[in-house]
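In the numbering used here, the protein residues as written are 5 to 148.
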């Protein structure tokens, strides 16, 4: 599955999580906002960095659940803000005319699923620099 398809799924999950407010949001607006939220300084979607931020923030168990084949562990609003950054969340919310709490609520559903879907079929390998990058990331996640 390519990253655009994964982001489309994330946008749909974000929209559905917000119930009535989310139905007023156009997927065409959510998708670029989500892309911007997850992009590096060059504008490339960078799921690997997001996972690395989880390692740096002592959220390894959550990251492992998202990357593994089992169910995805939930993430709190504070933890999500820690890994994405307050400014990025604020910009994301502003782009969608939402308050930050609404944005975070939707992202709590979307982000775990985006990472989970990105880890299928090796697509996360491309995002973390191939096999050596994945091994380095795995070493960090599993304390090796």
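Ideal Cβ placement from N, Cα and C applies to all residues, glycine included.
### Query
How do the region 61-79 and the region 94-105 stand: do at least 3 beta-carbon pairs fall below 8 angstroms, yes or no?
no
### Message
Per the DSSP calculation, residue 49 is bridged to which residue(s)?
### Response
43
### Query
Going by beta carbon distance, what residues of the same chain come within less than 8 angstroms of residue 21, once the five residues before and after it are set aside?
109, 110, 112, 113, 114
### Query
Apart from the five residues just before and just after residue 31, which ones in its own chain have a Cβ nearer than 6 angstroms to its Cβ?
15
### Message
Any beta carbon from chain B within less than 8 angstroms of residue 15's own beta carbon?
### Response
Absent here is chain B; the protein component of the structure consists of one chain.
### Task
Give every residue of the same chain whose Cβ lies closer than 7 angstroms to the Cβ of residue 34, excluding the five residues on either side of it in the sequence, and list them in chain order.
15, 18, 19, 100
### Query
DSSP three-state call for residue 133: helix, strand or coil?
Note on residue 133: pLDDT 47, under 50, position unreliable in the model; no value is reported.
### Task
Measure the C-alpha to C-alpha separation of residue 13 and residue 45 and round it to an integer number of angstroms.
23 angstroms
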